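Some notes on the structure that comes next.
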Amino acid sequence: MPRLVDYKTGNKPPETDWTQLYLQALVLSCRQLAPVSRASFLYLGPSTMETTTVSQDVLDGAMWELLNTAHKILQERKYRATPGTWCGYCDFTPICTARGGEDPASSTPEGQLKLWDYTLEDAD
Ligand code: SF4
Numbered sequence: 000m001p002r003l004v005d006y007k008t009g010n011k012p013p014e015t016d017w018t019q020l021y022l023q024a025l026v027l028s029c030r031q032l033a034p035v036s037r038a039s040f041l042y043l044g045p046s047t048m049e050t051t052t053v054s055q056d057v058l059d060g061a062m063w064e065l066l067n068t069a070h071k072i073l074q075e076r077k078y079r080a081t082p083g084t085w086c087g088y089c090d091f092t093p094i095c096t097a098r099g100g101e102d103p104a105s106s107t108p109e110g111q112l113k114l115w116d117y118t119l120e121d122a123d
């Protein structure tokens with residue numbers, strides 16, 4: 000049975016969030032003949048490994064969470080900005096109200112990002 004290992008360059012967090020590994024296992028399981036049966040984070044800093052069992056229930060749960068999250072994202076019309084160290088790499092700084100930019104929703108319709116009007120129907 001295939002095993003998934005995700006290498007991390009940082010230290011092991013106090014609590015392991017398996018969400019990322021479950022989603023990776025879901026994608027790999029859909030692309031392989033045999034589903035992923037175990038998944039691990041290998042932390043290179045402390046050289047430790049955390050491993051979990053990946054059952055069909057886990058894969059079903061990951062699929063459900065993925066679909067729910069995608070549905071919520073597509074339903075949202077506005078996204079609250081969360082400034083942080085990542086702002087230095089952001090292409091949206093000029094229109095980010097949290098960084099002093101102009102709210103695109105208050106400008107002319109032509110000036111609004113098409114992303115705001117993206118709906119499920121557009122994805123078909
Ligand atoms: S500049 Fe605004 S949109 Fe970009 S990462 Fe920072 S808070 Fe988010």
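Using this note's numbering, you'd call the opening residue of the sequence shown number 0 and step up by one each time. The C-beta atom is built at its ideal place from N, Cα and C for all residues, glycine as well. Quick caveat: nothing in here was measured; it's all calculated off a predicted structure.
A straight-line Cα-Cα distance of about 43 Å links Cys95 and Ser36. As computed with DSSP, Met48 is found in a beta bridge with Leu41.
Beta-bridge analysis with DSSP links Lys7 to Tyr42. Residue list for the ligand SF4: Ala80, Thr81, Pro82, Gly83, Trp85, Cys86, Cys89, Phe91, Thr92, Cys95, Ala97, Arg98 (CB closer than 7 Å to any heavy atom, chain order). Residue range 55 to 74 is occupied by the alpha helix (DSSP H) that includes Met62. Residue pairing of Arg2 in beta bridges, as defined by DSSP: Arg37. Relative to the Cα of Ser54, the nearest Cα in the group Glu14, Ala80, Ala24 belongs to Ala24. A direct Cα-Cα distance of roughly 43 Å separates Phe91 from Met0.
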